[in-house]
């Protein structure tokens, strides 16, 4: 796995408009999956990562929509019908339409191997390999999100009925969307693959204001922290996505970013974790002004 991670980092580093600091390496970190660790001293205010359009556009909703309009106009019509039938989707968050078109794009154009670990090991020994193939097969095969929870796990949220109902609604909602788009016995995209790609996009896709909705190879290995001294990420039309340090790092220290000033409801739904500082129930909103509105 570590060899494959290095191959991905090197491939991103060689892509036009990209920069990956030689002092940052990807490692498998127990309990966190992949994370980024300083291999050498890194000063404060250092550019440690930059992703130009060439590296992220193939994994973006914009590319997915353009491809679908050319090759699968029927899918676009079905998505339009779905949005037209649901005012909350049409007028609410852009995540759902972006995730649906990008999710299908990923499953059709970048199929994930059934045994990614074996595939990655074999890929790591090949001299010539596309970044897309390496990156998609390095994505985790399972993301522990409420989309996959069973009734026993939902019972743990009984202390906050609203949170429990919201999480259960999300799983039902995507099941209904799958039925609308693909029916019951689709031979090309099965429910397990569909839920997998939605969970990947929930936990890894960037979707900030005035930013492209996209996966970014290497960038999604930055884990989350909210200590106030995390690396700062930004997006610029010319420079693309960038990450700068806000403090110095010694060798062996992990580099973090902040996923956003969210309450625990969104952190749990999208990333599968909560933090002690963020409250989860609507009844606590007056005490926590940064709690976000519930959304799918």
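In the UniProt record's numbering, the protein residues as written are 1 to 296. Backbone N, C-alpha and C fix where the C-beta goes; we use that ideal spot for every residue, glycine too.
{"Item": "Buried or exposed (CB count within 10 angstroms, at least 16 for buried), residue 250", "Value": "exposed"}
{"Item": "Enclosing alpha helix (DSSP H) for residue 254 [first to last residue]", "Value": "Taken as a continuous stretch (DSSP letters only), residue 254 belongs to no alpha helix (DSSP H), being part of the beta strand (DSSP E) at 254 to 257."}
{"Item": "Residue environment, residue 188, which counts as buried when at least 16 other CB atoms sit within 10 Å", "Value": "exposed"}
{"Item": "Residue of 13, 207, 226 minimising C-alpha distance to residue 261", "Value": "226"}
{"Item": "Closest residue to residue 57 among 138, 255, 11, 216 (Cα-Cα distance)", "Value": "216"}
{"Item": "Reference residue 175; option with closest CA among 157, 147, 67, 154", "Value": "147"}
{"Item": "Distance, residue 167 Cα to residue 53 Cα", "Value": "34 Å"}
{"Item": "Proximal residues to residue 286 (C-beta, below 6 Å), its chain only, five neighbours per side dropped", "Value": "Confidence is the limiting factor: at residue 286 the pLDDT is only 34, short of 50, which leaves the residue's position unreliable, though a coordinate-based value still follows. Excluding positions up to five away in sequence, the list is empty."}
{"Item": "Unbroken stretches of the alpha helix (DSSP H), 4 residues or longer, contained in the stretch 159 to 224", "Value": "161 to 182, 191 to 204"}
{"Item": "Supposed contact pair residue 110 and residue 132 - C-beta distance, whole angstroms, cut 8 Å", "Value": "6 Å"}
{"Item": "Continuous beta strand (DSSP E) stretch holding residue 242: start and end", "Value": "240 to 244"}
{"Item": "Reference residue 236, options 200, 142, 185, 17, closest by Cα", "Value": "17"}
{"Item": "Status (buried if at least 16 other CB within 10 Å, exposed otherwise) for residue 252", "Value": "exposed"}
{"Item": "The beta strand (DSSP E) enclosing residue 228, as first and last residue numbers", "Value": "Residue 228 -> no beta strand (DSSP E), and no H or E assigned at all."}
{"Item": "Residues near residue 204 in its chain [Cβ-Cβ closer than 8 Å; skip 5 each side]", "Value": "139, 215, 220"}
{"Item": "DSSP bridge partner residues for residue 51 (one or two, in chain order)", "Value": "241"}
{"Item": "Own chain, CB closer than 7 Å to residue 35, minus 5 neighbours either side, in chain order", "Value": "27, 29, 221, 223, 254"}
{"Item": "Beta-carbon gap between residue 23 and residue 40 smaller than 7 Å", "Value": "yes"}
{"Item": "CA nearest to the CA of residue 9, picked from 256, 218, 240, 246", "Value": "218"}
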